[in-house]
Each structure stands twice: as C-alpha cells, then as structure tokens.
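All remarks here apply to the structure that follows.
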Amino acid sequence: MMAATLPNMDMQLLRDVLADRGEPPFRAEQVWAWTARGAGSYAEMTNLPRALREALAERVPLSCLEVDREALARDGTEKALFSTQDGRPLETVLMRYAEGRRSICLSSQSGCPLTCTFCATGSMKFARNLTPSEILDQALHFRRKETAAITNAVFMGMGEPLINLDAVLSACERLPALGIHPSSTTISTVGWIPGIDRLAEHDGPTVRLALSLHAPDDALRSELMPVNDRYPLHDVLDACRRWHERRRRKVFVEYLMLDGVNDRYEQAVALARLLSSRNTFKVNLIPYNPTDSQFEGSTREAIEAFRAALAERGVPATVRLTRGRDIDAACGQLAAR
Ligand code: SAH
C-alpha cells in the first residue's frame, strides 16, 4: 500500500485529516502528486472536491517551514533562510547554472554538531536533526518558485547528513517525484563511517557519495576536522572503498584549498598516493570561501598546480565553481545570519 509507506509527519497529518473526513487513502497520493509538481495551494488541486480542498487548506499546512529571509546573488544563486515550527534556523541554496542545470543544496540538520575549523556552520549552535518533511520542504519551496526543472540535489548545506541518515534517505525517496533522481543526488559526509557502511548496504537506490577529506594525513586532518580523531583517514577511505565495491560508483573527494596549510606540492603527492586505488575516487578541489576562521584560500595558481600534480599521478581532479559568495551562500558559509 502506498499510504503505508508515506514517510513523514506532515503526510501523517494529511492522512489523519483525510481519514477523519472519511476520504479514501488515495487522496493523500493525489495531494502529494500536486505538491511534488510545485502546486502552491490546495486551490490548484482541481481533482479534489472543493470542500475537501478548503478543509485541507485550514488543517494541513503545505510546508512545515517558515521563510524568514531570501537573498539573490549576482550569479543567480538564491538562498532561503527558514525556521522550523520550534524556531530552529536552517538554510537552503539553489544554484542556477548557465547550461540550465539547477542544483539544490539541502540542509540535514539545524546547525552541525561537528566543529570543522574552516566552516561557519560548525561555529553556530547545533539544534537538532531535521525531520524528513523539513528536508523535503526545502526542496519543495524551490520547486514552487522555479519554473525551470531542478535537476540535482546535494546534501551540502548545514549539518552532517550521515548522522541523520534515516530522515535523509526518507526525503531522498520522495525527490524523484520532483524530478531529482538518485543518480543526481549527492550525500556529502565528513567521513561518518557507520553511515557510509549503511549507505553501502541499504536496499534503496544508489545516491552519490562525496567525502570531505581536506588533508592527506591524520595529523593535519585532525587539526582541521576534529571528527578525524574518531574516524581516522585510512578507516574512512576503507569505508569509501567498501561503498564503491557495493555501489559501483566513484566517490567524490572534496578537498578544500587552504593557503599554506594543505596546498603544497608534497601534499598533492601524498593525496595522490592515498587515492590511487583502481579508479575509486574523483577529486573536487574547493576554493575556500571566507568565513570568520583564521584561514586564507589558496591562490588560483596554487590550486591549478595542485590539480596538475594530481592529474600527473593519475588522479582526476576538477576545481569547484564557487557560487553565491556575495550572499554568504557558498560552501561553508551557511550560518543562519
Ligand atoms: N557535513 C557534510 C555536509 C556539508 S558539505 C560534509 O562536511 O561533507 C559542505 C562542504 O563545504 C564540505 O565539503 C565542507 O568541508 C565544505 N566547506 C566548509 N567550509 C567551507 C569554506 N569556508 N569554503 C569552502 N568550502 C567549505
């Protein structure tokens, strides 16, 4: 039964209200179908009886998030600051690319319990995991606003998605109805090993995996990302290899370029050595976006030299296009300000 698999709270409320009124369960799927296609009100759901539409408008809010603020960057990137019903802040970013691709950057938690030294989210207070509805409603917000199709989703907003994996997977199950397919959905992790293993083994479709690595040795990585003390680099890479074995997809490795910290030639060589195993990894070098941290970003020349050193050693690498910096919407800048 479809209705029995509806994963989240608001769908539960919807079903309760429908049951209350003696409506057949398929009504829930009708409402969902409209919502997934971007309906902004119950009035648009013309295959529902009018009285029902009015009752639903009164009793079941279309979103469980409130929009507090929106900002539009010069490059077309848009950020929304939301709050949950209990007043927790979170941010979502929509990136619009020239070729027409639209990518949505979702938050999985309000704040983040990890304290990566370069990331603005890590310095705000951690509130809690988001529910499946709170994750999905971020995407639905932009689904309603955007006439062009949203093609990709990345869990690269606030929070560590693998600490909230059930909710993240539950939201992912519903993204295809919005036109966002598992192969175009990426979960990014600090290297939370139990979550990586669960993603390797779970029954659902394969979503892409990205690992925030940022350093080629444990000493430096622990300094930058305290979580490395709990899950050291080699164990994390082993978990990624297990995921790759099962899922047959490359793991994206994110490597933040910090001036004089992790961007030296020997570090590129060390990184290449770490990642050289049988085409498992693809590196994405990330220009550092300013936060209140003590770091400076590497120069463009240093990034290019690092990329070339990796490529020479057979490790493919690209440089991430930075988006939305002028509205603090770029990677690492989300802090609900
Ligand atoms: N917790 C997950 C999901 C957040 S993804 C993870 O860490 O992977 C956000 C990405 O942006 C991560 O790769 C993170 O390391 C990176 N990032 C954080 N601060 C940044 C900054 N100031 N500039 C550029 N990227 C940053």
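With our numbering, the residue at position 312 of the sequence shown is 830, and numbering never jumps. Just so you know, even glycine gets a beta-carbon here, dropped at the ideal spot from N, CA and C.
Separation of residue j from residue i, as counted between CA atoms
i    : j    : result
T809 : P694 : 34 Å
E576 : A561 : 12 Å
R841 : A591 : 8 Å
I714 : L680 : 7 Å
K643 : S628 : 8 Å
E691 : M676 : 20 Å
F544 : T836 : 46 Å
N565 : C630 : 42 Å
Q530 : I653 : 16 Å
M613 : S702 : 14 Å
P750 : V769 : 17 Å
L766 : W550 : Residue identity differs from the one stated: residue 766 is Arg in this sequence, not Leu. Cα-Cα distance, rounded: 32 Å.
V686 : T704 : 11 Å
L717 : V578 : 33 Å
A847 : E541 : 43 Å
A569 : G722 : 38 Å
A737 : V754 : 15 Å
A728 : Y615 : 20 Å
L532 : H720 : 28 Å
H752 : R539 : 56 Å
R818 : D777 : 10 Å
F600 : V787 : 42 Å
V535 : D528 : 10 Å
Q812 : G640 : 14 Å
A537 : S730 : 45 Å
Q603 : D586 : 12 Å
Q785 : E617 : 34 Å
T563 : G605 : In the sequence on display, residue 563 carries Met and not Thr. So the two alpha carbons sit approximately 30 Å from each other.
K800 : L792 : 12 Å
V725 : K663 : 25 Å
T595 : V672 : 14 Å
R764 : D684 : 20 Å
Cβ-based burial, residue i [other Cβ within 10 Å; buried from 16]
i    : result
P567 : exposed
L839 : exposed
R825 : buried
Y783 : exposed
H762 : buried
N647 : buried
G815 : buried
R796 : exposed
P607 : buried
Own chain, CB closer than 7 Å to residue i, minus 5 neighbours either side, in chain order
i    : result
S581 : D655, L658 and H659
S740 : N746 and D747
Q851 : A638, N807 and T809
L555 : Per the sequence presented here, residue 555 reads as Arg, with Leu not at that position. Nothing listed; no residue qualifies.
D844 : A591 and R592
M674 : C623, S706 and C849
I804 : E772, Y773, L774, M775, R838 and C849
A757 : I711, I714 and D715
V779 : F813
A557 : M563
Contacting residues, own chain, Cβ-Cβ under 6 Å from residue i (five flanking each side not counted)
i    : result
V745 : L632 and V708
P525 : For P525, the predicted model reports a pLDDT of 44, less than 50, meaning its position is unreliable and no value from the coordinates is stated.
L742 : T635, H732 and A733
L574 : Y560
T523 : Bear in mind that a pLDDT of 38 at T523, under 50, signals an unreliable position, so the number given afterwards is only what the model happens to contain. Counting only Cβ-Cβ distances below 6 Å, and skipping sequence neighbours, we find nothing.
T665 : none
A790 : L828, R831 and V833
A460 : Because the chain is modelled from 519 through 855, residue 460 falls outside the range shown and cannot be assessed.
Rounded Cβ spacing between residue i and residue j (contact assumed at less than 8 Å)
i    : j    : result
K597 : E584 : With 8 Å as the limit, K597 and E584 do not qualify as a contact, their Cβ atoms being about 15 Å apart.
N682 : S626 : 5 Å
A854 : E609 : 6 Å
T798 : R759 : 6 Å
Own chain residues within Cβ distance below 8 Å of residue i, not counting five before or after
i    : result
D781 : M775, S816, A820, I821 and F824
I668 : L612, R620, S621, I622, A657, F660, R661, L696, G697 and I698
S794 : R831, G832 and V833
T553 : L580 and L658
E572 : Y560
N802 : A728, F770, V771, E772, Y773, A835, T836, V837 and R838
Cβ-heavy atom distance, residue i to the ligand NAD, below 7 Å
i    : result
C758 : With respect to the ligand NAD, the structure offers nothing, as its ligand set consists of the ligand SAH.
Restricting to runs no shorter than 3 residues, where is the beta strand (DSSP E) found entirely within the region 714-754?
726-730
Taking only runs of the alpha helix (DSSP H) that begin and end inside the region 578-616, which ones reach a length of at least 4 residues, in chain order?
none
Output the residue ranges of the beta strand (DSSP E) runs that lie fully inside the region 754-812 and measure 3 residues or longer, sorted by chain position.
769-775 and 799-805
So within the region 610-664, which uninterrupted alpha helix (DSSP H) runs reach at least 4 residues, ignoring any that extend past its ends?
650-663
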